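Participant: One structure, pasted below without further comment.
The following block contains the structure:
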């Protein structure tokens with residue numbers, strides 16, 4: 001069943017865990033996508049430093065694009081945005097605060113989630129039109145950095161920590177105000193089969209649900 005959403009917040013509300021499939025091969029994309037969908041993940045990122053990333057993005061977009069948000073990460077040049085869009089991707093993620101990539105993504109009608117590491121970059125990216133901002137590498141600064149940032153950022157700003165996210169750290173990040181999480185090796189490593197990916201993804205999805213259940217008490 002299609003679960004289209006016109007804004008990134010809608011996708012994140014369905015499942016805040018974003019699967020980062022660094023190193024995935026095109027021939028395994030559909031099987032890994034199936035595993036992620038079964039685990040409850042609805043946002044998938046294929047970093048462009050993976051083997052034949054546009055082919056993997058194309059496969060994921062064709063098979064799952066009506067019910068999952070498929071995109072690309074590790075973009076370093078605005079010209080890459082056109083290639084992602086041509087492959088069917090709708091999400092652009094960068095490791096750094098590059099305003100030209102945000103502009104290119106928004107002009108192409110795609111969601112833009114650029115990386116930042118300090119308040120100056122965070123405010124500049126939001127002003128440039130970023131749909132969300134990616135705190136990276138998150139494990140270097142920790143949840144206390146995010147908590148301090150959330151006190152001064154616009155109330156509707158979506159902040160997604162990426163780097164070192166695992167089952168043990170999710171509760172601390174959510175308590176600090178994280179809106180979503182980018183998870184790489186804690187969901188997928190090159191060589192993982194679909195069963196392994198499903199199990200790893202479900203651990204993170206369940207950790208988010210457990211926190212939310214406790215938070216409502």
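Residue numbers (the UniProt record's numbering): 1 to 217.
From the three backbone atoms N, C-alpha and C, an ideal C-beta is built for every residue, glycine too.
Remember, predicted model here, so these are calculated numbers, not experimental data.
Can you tell me whether residue 94 is buried or exposed? The criterion is at least 16 other CB atoms within 10 Å of its CB, across all chains shown.
Facilitator: Against the chain shown, residue 94 aligns to sequence position 94. Residue 94 should be labelled buried.
Participant: By Cβ distance below 6 Å, which residues in the same chain neighbour residue 51 in space, the five residues on each side in sequence not counted?
Facilitator: For the purposes of this step, residue 51 is taken as the residue at position 51 of the chain shown. Correct list, in chain order: 25.
Participant: Tell me which residue opens and which closes the beta strand (DSSP E) that residue 182 is part of.
Facilitator: Position 182 of the chain shown holds residue 182. Here the beta strand (DSSP E) through residue 182 covers 181 to 183.
Participant: Confirm, please, whether the CB-CB distance from residue 41 to residue 21 is below 8 Å.
Facilitator: Here residue 21 refers to the residue found at position 21 when the chain shown is read from its first residue. Here residue 41 refers to the residue found at position 41 when the chain shown is read from its first residue. It is not a contact, given that the beta carbons lie outside the stated cut-off.
Participant: Short of 6 Å in beta carbon distance, which residues of its chain neighbour residue 91, apart from the five on each side in sequence? Order them along the chain.
Facilitator: Residue 91 sits at position 91 when you count from the first residue of the chain shown. Excluding sequence neighbours, residue 91 sits near 69, 71 and 111.
Participant: Mind reading off the beta-carbon distance from residue 160 to residue 179? Whole number of angstroms is fine, and I expect it under 8 Å.
Facilitator: By 1-based counting over the chain shown, the position of residue 160 is 160. By 1-based counting over the chain shown, the position of residue 179 is 179. The pair is a contact, with the Cβ atoms about 6 Å apart (cut-off 8 Å).
Participant: Pull up the distance between the alpha-carbon of residue 100 and that of residue 207, whole angstroms please.
Facilitator: If you number the chain shown from 1, residue 100 lands on position 100. If you number the chain shown from 1, residue 207 lands on position 207. Taking the straight line from one Cα to the other gives about 36 Å.
Participant: Can you check the region 5 to 87 for any beta strand (DSSP E) of at least 3 residues that lies completely inside it and give the ranges in chain order?
Facilitator: The region 5 to 87 contains these whole beta strand (DSSP E) runs: 17 to 20, 43 to 47 and 69 to 73.
Participant: What does a CB cutoff of less than 6 Å around residue 200 pick up in its chain, not counting 5 residues either side in sequence?
Facilitator: On the chain shown, position 200 is the one that residue 200 refers to. 187, listed in sequence order.
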